[in-house]
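The block underneath contains the structure these notes are about, expressed in structure tokens.
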Amino acid sequence: MSMKKAGFTGWIQERITVLLRKVRLTKRLLISSVALPAITCLFIILLLSITAYSTITGSEREHVEMVERMIQYNLNVYLESIITPLNALSTKTSLVSAVNNYNKVIATNDWSHYSTEISGDIFSYFADNHDLYSIELTGTESSIISFPDNITSGKLESSQFMRRMQESGKRIVSFGNCVMENNTVLQKEEKRKIVIGVQIKSKLYSNVIGSLFVSIDPELFIEKIAMGLDESLYNIVVRTADDFLVSAKLCPEEQETLGTVLEELPDQEAGVLEIGGTNYLVSKSVTNPLEWNLMIFTNYDRMISKLTQKIYLCILIGIILVVILVLVTFFVSQSIIRPINQLVTAMQQDELPAENGEIQLTGSDELTYLAQNFNEMGIRIHTLFRENMEAQDQNRKIELDSLQAQINPHMLYNTLDSINWMAYLSGTDRICDIIHSLSAFYRLTLNQGKLFHSIQDELEQVEYYLMLEQFIYNDKISYEIQVNDAYSDGVIPRIILQPIVENAILHGFVSSELHLVIRVFAEKEFLMITVEDNGSGISAYGKEEVPVSGMNSSTNGYGLKNIDERLKLIYGEKYGITLQNQEEKGLLARVYLPQQILPDT
């Protein structure tokens, strides 16, 4: 009975799948998206709305307390970052001595022993505290140094800042948000700065001998302690212990009610107050190290509105997700999953469709279109792969022919041997040596069409080439080859060194003799082959090591650039050829090869 039921269910599923597959996938998903009953959605929305409202009303005060703790922490940390080094600077022995010295100079009017070393400490502190607007050091009677603008008027008789610092019983005094006394630009524009002063006391008598002032931009101050909070939601008011306003983000009409708020609101307590027709959740606390009053005005109405919007947005997203999960029924999923599985299975095969058979899908939807394009892609890939292999073979043949196909090796060898034998019979040993070198050079160059040979063969080929050049330049060229036998069996591409040596002779040879030194050695992870000469070098470059790939072809010739490209193609981008002018004269060419070419690696 169960088997008959399963068979009937399977038949129903197959019929429904075939029916659905006749409709395009986009229309199929659109039709299925309206399947969830509207009553279910309304019920979920109602349930989540009630839950969201309960969550908002229960967590609003906790949220405000968290913001208050964060702002208070930011304020304490910010003030500590300014006050602590400022306090340390004001008690520094060298600064106290310098201020004492300045006061004596002012009293005696003898500037012969005055030192300006104090400016270094002031500038260093200012440079380390990027939030400062300006800094000023004063003595008992006048200003000593300021940067970049004055804070005080510069004279005790005209400066309230200096008089208050000398009369205050506190070592650190905050002046709140005020206009600096000797800045006409700020006074004209009525721009205010937060001013903080620290007394400088004598080490011996503990009397006040000077003051150290710093000023801070109020807007930057608020940005530091607010740390990106929404200004339309949170307003921060900071006042000194003497009730001077430090900073406030409230509008002027709302600032007028601050005195009333301070009287009505007990310390360390939050409450809801109406200011200017808007309900604010106000909290008040005292912060250290300056004992400033911190007040946070949270727009209660806006906070509730924003939190409600966020909760409802989350509810809406949840409803959409639930709707999508419910609407994606078994039959719709089968009509999509089965073709996708066929595509995935075909893609996981080792062979592409052109060799393993095409994917067979019926229908007129997007999956059928993908299958058809996948089949066509497989055919194109096979065609391109075959054409690419043929092109690579042809390129290799062309490259090899360009090096050696123009010369008939057997004809060349036989001709050179005949000439060599005739020269030997004639007793002209010099001609025999030249012909022998030429014959050996071409044998190693052509090398039966092989693309690689040993380092030893490469060095022999270069040595025969140098013998021929010695004959051409009447023995004005000398050379030496230094190589460890352990590196002789390493396998490298052919015709690497000969173009480098040829470049050294063509560009480095002058009227005097040319001496070449070829070395093979290991350095770090590289196997190095260097060619050093005492020629004229490359005048277009300095003493730095320059990769050939970054030089003009007119400077080093196309031969070196082709060799550099060959090495990078075979071994990787960090290998290749570099050129460097010597300290006195000459050119040093370096060939970077991997040590893996050696037999024991």
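Take the sequence shown: its position 423, counting from 1, is numbered 668 in the working numbering, and each next residue is one higher.
We put the beta carbon where it would ideally sit given N, CA and C, even for glycine.
### Task
Using beta-carbon positions only, say whether Ile541 and Val322 come within less than 8 Å of one another.
Not a contact, by the Cβ cut-off of 8 Å.
### Nearest neighbour of Leu833, chosen from Leu751, Lys813, Leu772, Ile745 [CA to CA]
The residue with the shortest Cα to Cα distance from Leu833 is Ile745.
### Task
Compare the Cα-Cα distances from Met315 to each of Met472, Leu377, Leu814 and report the closest residue.
Just measuring C-alpha positions, the residue of Met472, Leu377, Leu814 sitting nearest Met315 is Met472.
### Ser530 beta carbon less than 8 Å from that of Leu539
Contact: yes.
### Message
Three or more C-beta pairs under 8 Å: does that hold for the segment 717-737 against the segment 786-794?
### Response
Counting Cβ pairs under 8 Å, fewer than three are found: no touch.
### Query
Would DSSP call Ile783 helix, strand or coil?
In the three-state reduction of the DSSP assignment, Ile783 falls in the coil class.
### Message
Between the alpha carbons of Asn748 and Glu758, how many angstroms are there, rounded?
### Response
Roughly 16 Å separates the two Cα atoms.
### Task
Taking Ile815 as the reference, give the member of Gly795, Met796, Leu838 with the closest Cα.
Comparing Cα positions, the closest option is Leu838.
### Query
In terms of DSSP beta bridges, what is Met540 paired with?
Paired residue(s): Val482, Lys529.
### Helix, strand or coil at Arg835 [DSSP, three-state]
In the structure shown, Arg835 sits in a strand (DSSP, three-state: E or B).
### Message
For a quick check, are the C-beta atoms of Glu784 and Asp734 less than 8 Å apart?
### Response
Residue identity differs from the one stated: residue 784 is Ser in this sequence, not Glu. When the beta-carbon positions are compared, Ser784 and Asp734 stay at least 8 Å from each other.
### Query
Can we count Gly831 as close to the ligand ZN, meaning its CB is less than 7 Å from some heavy atom?
The ligand ZN is not among the ligands present in this structure, which contains no ligands whatsoever.
### Query
Taking Cβ positions, are Ile626 and Val736 nearer each other than 8 Å?
Contact: no.
### Query
Mind pulling the alpha helix (DSSP H) runs of 4 or more residues that sit fully within the segment 727-769?
Counting only runs of 4 or more, we get 742-753.
### Inter-residue spacing [alpha-carbon to alpha-carbon] between Tyr347 and Ile467
If you take the alpha carbons of Tyr347 and Ile467, they lie about 37 Å apart.
### Message
For Phe630 and Asn620, what's the separation of their Cα atoms in angstroms?
### Response
Taking the straight line from one Cα to the other gives about 16 Å.
### Phe754 at chain B interface by Cβ criterion, 8 Å
Going by chain labels, chain B is absent from the structure shown, which holds only one protein chain.
### Query
Using the beta-carbon count (16 or more within 10 Å), is Phe866 buried or exposed?
Within the shown structure, residues of the chain are numbered from 246 to 846, placing residue 866 beyond reach of any answer.
### Task
Measure the C-alpha to C-alpha separation of Glu635 and Leu696 and round it to an integer number of angstroms.
When rounded, the separation of the alpha-carbon atoms in Glu635 and Leu696 is 19 Å.
### Query
What separation, rounded to the nearest whole angstrom, lies between the Cα atoms of Lys721 and Met712?
Taking the straight line from one Cα to the other gives about 11 Å.
### Query
How do the segment 372-381 and the segment 453-465 stand: do at least 3 beta-carbon pairs fall below 8 Å, yes or no?
At 8 Å Cβ cutoff, the stretches touch.
#### Entry: Lys337 to Ile454 span [Cα, whole Å]
Straight-line Cα distance between these residues: approximately 13 Å.
### Task
Alpha carbon to alpha carbon, how far is Ala767 from Leu683? Give it in angstroms, no decimals.
One C-alpha to the other measures close to 31 Å.
### Task
Identify every residue that forms a DSSP beta bridge with Phe406.
Residue pairing by DSSP places Phe406 opposite no residue, since no beta bridge is assigned to it.
### Where the alpha helix (DSSP H) through Lys415 begins and ends
First-last for Lys415: undefined, no H or E at that position.
#### Entry: When Leu457, Ile750, Ile327 are compared against Ile717, the one with the closest alpha-carbon
The residue with the shortest Cα to Cα distance from Ile717 is Ile750.
### Reduced DSSP category for Leu275 - H, G, I as helix; E, B as strand; rest coil
Its pLDDT being 49, under 50, Leu275 is placed unreliably in this model, and the coordinates cannot settle the point.
### Query
Relative to the alpha-carbon of Ile853, which residue among Leu457, Ile741, Val483, Leu805 has its alpha-carbon at the smallest distance?
This structure cannot speak to residue 853, because the chain is shown only from 246 to 846.
#### Entry: Short Cβ contact (8 Å threshold) for Thr543 with Leu526
Against a cut-off of 8 Å, the Cβ pair of Leu526 and Thr543 comes out as a contact.
### Query
Would you call the segment 772-780 and the segment 819-833 in contact, with 3 or more CB pairs under 8 Å?
Between the segment 772-780 and the segment 819-833 there are three or more inter-stretch CB-CB distances shorter than 8 Å, so the stretches are counted as touching.
### Task
Report the three-state DSSP secondary structure of Lys446 (helix, strand or coil).
Secondary structure at Lys446: strand, using DSSP grouped into helix, strand and coil.
#### Entry: One or two residues paired with Leu457 in a DSSP bridge
Leu457 is bridged by DSSP to Leu382, Val443.
### Message
On the DSSP letters alone, give me the boundaries of the beta strand (DSSP E) that Val776 sits inside.
### Response
For Val776, the enclosing beta strand (DSSP E) starts and ends at 771-778.
### Query
In angstroms, rounded to a whole number, what distance separates the CA positions of Phe754 and Asp638?
Distance between the alpha carbons of Phe754 and Asp638 is about 39 Å.
### Element boundaries [alpha helix (DSSP H), containing Thr353]
It spans 338-353 - the alpha helix (DSSP H) in which Thr353 sits, taken as one unbroken run.
#### Entry: Enclosing beta strand (DSSP E) for Ile363 [first to last residue]
No beta strand (DSSP E) holds Ile363; the alpha helix (DSSP H) holding it covers 363-373.
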